[in-house]
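Peer 1: The numbering used here numbers the first residue of the sequence shown as -9 and each following residue consecutively. Built from N, CA and C at the ideal position, the CB exists for glycine as well. The structure presented is a predicted model; accordingly, all values stated were derived computationally and were not measured. Sending over a structure as structure tokens; questions will come in a sec.
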Amino acid sequence: MKHIKVGDLMTDEVVSVVTSTSFKDVAKLLAQHDISGLPVLDDEDRVLGVVSESDLIGREAADHPLVGDAPDAARGAATFPSEVIFTAGEVMSAPAVTVHADETATGAARLMARRGVERLPVVDDEDRLVGIVTRRDLLRLFLRPDAEIRRRVIEDVLTDTMGLDEDTVTVHVVDGIVTLEGRLGGRSQIPVLIGLVSQLDGVVAVVPRLTARVDDSLLAPPHRSAYGMPW
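Written out as structure tokens, the structure is:
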């Protein structure tokens, strides 16, 4: 079965910085491009880390406590110093969580959720930056048209993978929820079919309404001797 790859969704024109980029320049790039994070690269375009808005704010607060005169402080009106001198290399989150372009988009989404990040730099085999994929990009997986999902279920799963006739199972798809109705040859095929369909990009859930002509789930292969002959 074909899966959407990270390379199909990533943006290949990436705004990035180097370790010596100043706080002020990082903040300008984030605002100018309306993004919340940037990859930090070395001189050979290898990804060393990622610097985000939260990294900047957290470091600024730690290095430069709120200051103000007594009356303003009493009213809760305090300010940050106007000059902040730290660099991207000092504040970045490292090492960066990265992916390769040939990894599945579903796997990238799971990695984002597990590591609690909103973007993943995409790197080549030598960790050089080739693109970036964000949570917004991955949401496109779940915007796949129902008709396209249904076609994938029939062609990729039923026909190509399981070798079944198209009319063996009736497939209905509404808002990414796939309903399967039909009668298979053996009961052991049911969990296989459900598992394959659930792995398709864009599938939110699978509702099985399947039966089987034969309950082969408890059948065991005959025991064979060391010479390959059944006892």
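Please classify His(-7): does DSSP put it in a helix, a strand, or coil?
Peer 2: Locating residue -7 in the sequence shown gives position 3, counting from the first residue. It is coil, neither helix nor strand.
Peer 1: Enumerate in chain order the residues of its own chain whose CB-to-CB distance from Ala84 is below 7 Å, with the five nearest sequence positions on each side excluded.
Peer 2: Start at 1 with the first residue of the sequence shown, and residue 84 comes out as number 94. Taken in chain order, the residues that qualify are Leu38 and Gly39.
Peer 1: Kindly indicate the opening and closing residues of the beta strand (DSSP E) around Gly176.
Peer 2: In the sequence shown, residue 176 corresponds to position 186, counting from 1. Ile167 to Gly176 is the span of the beta strand (DSSP E), which, as asked, contains Gly176.
Peer 1: Please confirm whether Arg140 and Val161 have their CB atoms less than 8 Å apart.
Peer 2: As a position in the sequence shown, residue 140 is number 150, starting the count at 1. As a position in the sequence shown, residue 161 is number 171, starting the count at 1. Yes, they are a contact pair.
Peer 1: Tell me which residue opens and which closes the beta strand (DSSP E) that Leu110 is part of.
Peer 2: On the sequence shown, position 120 is the one that residue 110 refers to. From DSSP, the beta strand (DSSP E) with Leu110 extends over Arg109 to Val113.
Peer 1: With distance defined between alpha-carbon atoms, name the residue in Met0, Val87 and Glu93 nearest to Val107.
Peer 2: Reading the sequence shown from its first residue, position 117 is the one you call residue 107. Of the candidates Met0, Val87 and Glu93, the one whose C-alpha sits nearest the C-alpha of Val107 is Val87.
Peer 1: Following the continuous alpha helix (DSSP H) through Ser188, name the residue where it begins and the one where it ends.
Peer 2: The residue labelled residue 188 in the question sits at position 198 within the sequence shown. Ser188 -> alpha helix (DSSP H) spans Gln179 to Ser188.
Peer 1: According to the neighbour-count rule (16 or more other Cβ atoms, all chains shown, within 10 Å of its Cβ), is Lys18 buried or exposed?
Peer 2: The count along the sequence shown starts at 1 and reaches residue 18 at position 28. Per the 10 Å Cβ criterion, exposed.
Peer 1: Could you spell out where the beta strand (DSSP E) holding Thr160 opens and where it closes?
Peer 2: Locating residue 160 in the sequence shown gives position 170, counting from the first residue. Segment Val159 to Val164, the beta strand (DSSP E) holding Thr160.
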